[in-house]
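Order-wise, the sequence lines are chains F and R. Heads up: the first sequence at position 83 corresponds to 83 in UniProt numbering, and the numbers run straight through without jumps. Heads up: the second sequence at position 105 corresponds to 105 in UniProt numbering, and the numbers run straight through without jumps. Each remark here refers to the structure printed beneath this line.
There are 2 protein chains.
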Amino acid sequence: MRFGIIGTGTVGRTLASKLVSLGHEVTLGSRSKDNTAANDWADRAGPYGHAGTFAEAAAFGEIVVNATSGTVSLHALELAGGEHLEGKTLIDVSNPLVFSPTGEVTLDPVNTDSVAERIQRAYPAARVVKALNTVTAAVMVDPGRVSGEHNLFIAGDDPEAKAQVRIVLEEFGWPAASIIDLGEVQAARGMEMMMPFWLRLMHHFGHTDFNYAIRSAG
Amino acid sequence: MRFGIIGTGTVGRTLASKLVSLGHEVTLGSRSKDNTAANDWADRAGPYGHAGTFAEAAAFGEIVVNATSGTVSLHALELAGGEHLEGKTLIDVSNPLVFSPTGEVTLDPVNTDSVAERIQRAYPAARVVKALNTVTAAVMVDPGRVSGEHNLFIAGDDPEAKAQVRIVLEEFGWPAASIIDLGEVQAARGMEMMMPFWLRLMHHFGHTDFNYAIRSAG
Numbered sequence: 001m002r003f004g005i006i007g008t009g010t011v012g013r014t015l016a017s018k019l020v021s022l023g024h025e026v027t028l029g030s031r032s033k034d035n036t037a038a039n040d041w042a043d044r045a046g047p048y049g050h051a052g053t054f055a056e057a058a059a060f061g062e063i064v065v066n067a068t069s070g071t072v073s074l075h076a077l078e079l080a081g082g083e084h085l086e087g088k089t090l091i092d093v094s095n096p097l098v099f100s101p102t103g104e105v106t107l108d109p110v111n112t113d114s115v116a117e118r119i120q121r122a123y124p125a126a127r128v129v130k131a132l133n134t135v136t137a138a139v140m141v142d143p144g145r146v147s148g149e150h151n152l153f154i155a156g157d158d159p160e161a162k163a164q165v166r167i168v169l170e171e172f173g174w175p176a177a178s179i180i181d182l183g184e185v186q187a188a189r190g191m192e193m194m195m196p197f198w199l200r201l202m203h204h205f206g207h208t209d210f211n212y213a214i215r216s217a218g
Numbered sequence: 001m002r003f004g005i006i007g008t009g010t011v012g013r014t015l016a017s018k019l020v021s022l023g024h025e026v027t028l029g030s031r032s033k034d035n036t037a038a039n040d041w042a043d044r045a046g047p048y049g050h051a052g053t054f055a056e057a058a059a060f061g062e063i064v065v066n067a068t069s070g071t072v073s074l075h076a077l078e079l080a081g082g083e084h085l086e087g088k089t090l091i092d093v094s095n096p097l098v099f100s101p102t103g104e105v106t107l108d109p110v111n112t113d114s115v116a117e118r119i120q121r122a123y124p125a126a127r128v129v130k131a132l133n134t135v136t137a138a139v140m141v142d143p144g145r146v147s148g149e150h151n152l153f154i155a156g157d158d159p160e161a162k163a164q165v166r167i168v169l170e171e172f173g174w175p176a177a178s179i180i181d182l183g184e185v186q187a188a189r190g191m192e193m194m195m196p197f198w199l200r201l202m203h204h205f206g207h208t209d210f211n212y213a214i215r216s217a218g
C-alpha cells in the first residue's frame, strides 16, 4: 500500500521506516523540498522510500499519516492540500503540546476540542482516525519494547477507516485484542489529554518505553 | 486514626465505610446538619461513624478527605474552614467534571491548573495529596474488583503527607509497589485530565470496574 507521511520528525521517520520494512511504499513529506531529514531518510530507505513536499506525500498516499506537532497540524495539512485527503484514511498521531519558556507543558487545543476533531472538521471528506499518540515513536512500531500485554486506542467517525487502521497496527505488531476502539473522533480529546500524565510517567521511569494496560473485572 | 470526609456522595460514603471497617473513626461531613445521606450512613456505621457539617468533619479529622465534586471543592473547603486544615494531610479525590446539557463532559479547571493545585494555593498550610481520582469508588477501597496488577497514582508537595497517604492506600488493599508517585501537586493536572479517557473506557466496557496498569520495559 502507498502511505504519505506528513512530518519528518522522529515519529514520521520511525513510522516511514517501519512501513517500508513491511513492504509498503512511502513518501515522507516535509515543508520544503530541501529538507535534510527527509532526503537523508529517503536515501537510506531503498526503492520504496521517497521524500517530497507535504502535498506530494498527501497525493501519493492511499493512507495519509499526520505526524506533525499537533500545534501546527492544521497548517501542515493546508499545505498538503485538502484535495489530496478526500476519501482517504488519515491517521492522526499528533499531540498538541505547547512548551512554555518556564518548562511547563500544556495542550492547545484541549478539553472542548482536539487536533483530530479540528482536522475532521476542516476536511470532512477525509476519514480521520486518532491512533498511536499515547506511546513513544519506538513503541508505536515495536510494542515488544514494553513487557507484557498493553493497549493502543483508536477513535474516529468512520468504521471502515478504523478497520483499515487496525490492520496497519496489527502489521506493526499490536495484537488485535490489544486495540481498543474508544468511539467517534471526539474521543480523541481523551487520548490527547493523556499527555500530561504520560510526561509525568516519563519522569518517573526515566525513559519512554512504557505504556498503558487496561485491566478490567472478570 | 480520625478522618474527616468532606462530601457525602458515593465516593465519600464508600471511603467512610471502608475506613470505619479498618478501625478508624470517621466524621462524614455535609453542607447541612440534616443531610439524609450522612445521617443514614452514621446510623448504620456503628460507634466509629459520625455525621456532621463540613466544618465538624474537618475539625474532627487528623486526615481530611475532599470527596466533593471538583467544581465545588473550593467552596466546600471554605465552609469547612481553613483553620481546620492547617498542618493536616488533605487527600483530594475529586475530579472537576462539568456536565453540559448536551451530554458533553469537560473539565474545569484543566490544562493550566487543577483542583488539587487550587486547594493547595488556597490553603498553603494544608498538605494536599492527589490520590484515588483515577478509579471508581468501589475500586478505591477494593482493588481486587479489577483482575491482575494495576496502579494508583499520588501527587503532592509534601513527602510526609504522601507517605501517610501511601499507608492509607495500602490499608485499602493496594500493594505498595502498585502506588506510583508522580511528583509535586502540579502532577494532579495529568491525573485529573485522565477523566475524559476514563469515561470513554467506561462506555467501552459497560461498567466501571477497570483500571490502568502501567507496563514498562525490562
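The beta carbon of each residue, even a glycine, is placed where N, CA and C say it ideally should be.
In or out: Lys161/R buried (at least 16 other Cβ within 10 Å) or exposed?
Sequence inspection shows Ala at residue 161/R; the Lys mentioned does not correspond to that position. By the 16-neighbour rule on beta-carbons within 10 angstroms, Ala161/R is buried.
Neighbouring residues, chain F, relative to Ser147/R (Cβ below 8 angstroms)
The contacting residues are Arg215, Ser216, Ala217, Gly218.
Anything in chain F within Cβ reach of Ile154/R, meaning under 9 angstroms, just list it in chain order.
Taking the beta carbon of Ile154/R as reference, no residue of chain F falls within 9 angstroms; the closest one sits roughly 11 angstroms away.
What residues in its chain sit with their C-beta under 8 angstroms from that of Gly46/R, if we drop five residues either side in the sequence?
Val20, listed in sequence order.
Since Thr106/F meets chain R, which of its residues come closer than 8 angstroms, beta carbon to beta carbon?
Those within 8 angstroms of Thr106/F in chain R are Asn111, Thr112.
Ile180/R touches chain F at which residues, Cβ-Cβ below 7 angstroms?
From the beta-carbon of Ile180/R, the residues of chain F found nearer than 7 angstroms are His204.
Could you check whether the Cβ of Asp209/F sits closer than 9 angstroms to any Cβ belonging to chain R?
It does; some Cβ of chain R falls within 9 angstroms.
Three or more C-beta pairs below 8 angstroms linking the segment 13-31 of chain R and the segment 196-212 of chain F
Segment contact: the segment 13-31 of chain R against the segment 196-212 of chain F, fewer than three CB-CB distances shorter than 8 angstroms; contact not assigned.
Can you list, in chain order, the residues of its chain with a C-beta nearer than 7 angstroms to that of Gly87/F? Leave out the 5 residues immediately preceding and following it.
In chain order, Ala125 place their CB closer than 7 angstroms to the CB of Gly87/F, counting only its own chain and leaving out the 5 sequence neighbours on each side.
Would Ala125/F count as contacting chain R if we go by Cβ distances under 9 angstroms?
By this cut-off, Ala125/F is not an interface position.
Quick one: what's Asn211/F bridged to in DSSP?
Partner residues in the beta bridge of Asn211/F, as assigned by DSSP, are Arg215/R.
What are the start and end residues of the beta strand (DSSP E) that includes Phe3/F?
Taken as a continuous stretch (DSSP letters only), the beta strand (DSSP E) holding Phe3/F covers 2-6.
Grab me the residues of Gly61/F's own chain with a C-beta within less than 6 angstroms of its C-beta, minus the 5 sequence neighbours each way, in chain order.
The answer, listed in chain order, is Arg2, Phe3, Gly4.
Tell me which same chain residues have a C-beta within less than 6 angstroms of the C-beta of Ala51/R, skipping the five on either side of it?
The residues are Leu28, Ala38, Asn39, Ala42.
For Gly70/F and Phe197/R, what's the separation of their Cα atoms in angstroms?
Taking the straight line from one Cα to the other gives about 18 angstroms.
With distances taken from CA atoms, which of Thr10/F, Asp157/F, Leu22/F is nearest Tyr48/F?
The residue with the shortest Cα to Cα distance from Tyr48/F is Leu22/F.
If you reduce the DSSP assignment to three classes, tell me which class Leu79/R lands in.
Per DSSP, reduced to three states, the secondary structure at Leu79/R is helical.
Got a sec, what are the start and stop residues for the alpha helix (DSSP H) Glu86/R sits in?
For Glu86/R, there is no enclosing alpha helix (DSSP H), since its DSSP letter is neither H nor E.
Just to confirm before moving on: does the CB-CB distance between Val129/R and Thr89/R stay below 9 angstroms?
Closer than 9 angstroms, so yes.
Flag this pair as touching only if the segment 109-121 of chain F and the segment 162-181 of chain R have three or more C-beta atom pairs under 8 angstroms; answer yes or no.
Using a C-beta cut-off of 8 angstroms, the segment 109-121 of chain F makes no contact with the segment 162-181 of chain R, since fewer than three inter-stretch Cβ pairs fall below that distance.
Let me confirm a value: Phe54/R is counted as buried when at least 16 other C-beta atoms fall within 10 Å, else exposed. Which label applies?
Burial check for Phe54/R: the Cβ neighbour count within 10 Å reaches 16 or more, so the residue is buried.
What's the C-alpha gap between Phe172/F and Leu132/F?
Distance between Phe172/F and Leu132/F, taken at the CA atoms: about 11 angstroms.
Quick one: which unbroken alpha helix (DSSP H) runs of 4-plus residues sit fully inside the segment 101-173 of chain R? Chain order, please.
As far as the segment 101-173 of chain R is concerned, its whole alpha helix (DSSP H) runs of at least 4 residues are 115-122, 137-140, 159-171.
Please report how far the alpha carbon of Asp108/F lies from the alpha carbon of Val98/R, in whole angstroms.
Answer to the nearest angstrom: the Cα atoms are 19 angstroms apart.
State the Cα-Cα distance for the pair Val64/F and Arg189/F, rounded to the nearest angstrom.
Rounded to the nearest angstrom, the gap between the Cα atoms of Val64/F and Arg189/F is 21 angstroms.
Just verifying my parser: in three-state terms, what is the DSSP assignment at Asp34/R?
Under the three-state reduction of DSSP, Asp34/R is assigned to coil, being neither helix nor strand.
Does Met195/R come within less than 9 angstroms of chain F when only Cβ atoms are used?
Yes, because at least one Cβ of chain F sits closer than 9 angstroms to the Cβ of Met195/R.
Pick out whichever of Thr102/F, Pro101/F, Val139/F, Val72/F has its Cα sitting closest to the Cα of Ile119/F.
Closest option to Ile119/F, Cα to Cα, is Val72/F.
So with Cβ pairs under 9 angstroms, would you call Gly190/R a contact of chain F?
So yes, Gly190/R belongs to the interface.
CB contact flag (Met194/R, Met193/F, <9 angstroms):
By the CB criterion at 9 angstroms, Met194/R and Met193/F fall inside the cutoff.
For Gly183/R, go through chain F and note every residue whose CB falls closer than 8 angstroms to its CB, in chain order.
Here the neighbours are Arg200, His203, His204.
Consider the Cβ of Ala131/F: report whether some Cβ of chain R lies at a distance smaller than 9 angstroms.
The C-beta of Ala131/F comes no closer than 9 angstroms to any C-beta of chain R.
Along the beta strand (DSSP E) that carries His24/F, what are the first and last residues, could you check?
His24/F -> no beta strand (DSSP E), and no H or E assigned at all.
Top-ranked residue by Cα proximity to Arg31/F, from Val105/F, His24/F, Glu25/F, Asn66/F:
Comparing alpha-carbon positions, the option among Val105/F, His24/F, Glu25/F, Asn66/F lying closest to Arg31/F turns out to be Asn66/F.
Would you mind telling me which residues of chain F sit closer than 8 angstroms to Asp212/R, beta carbon to beta carbon, in chain order?
It should be noted that the sequence gives Tyr, not Asp, for residue 212/R. Under the 8 angstroms cutoff, chain F gives Tyr212, Ala213, Ile214, Arg215.
Quick one: give me the first and last residue of the beta strand (DSSP E) that Ala51/R is part of.
Per DSSP, the unbroken beta strand (DSSP E) holding Ala51/R starts and ends at 49-53.
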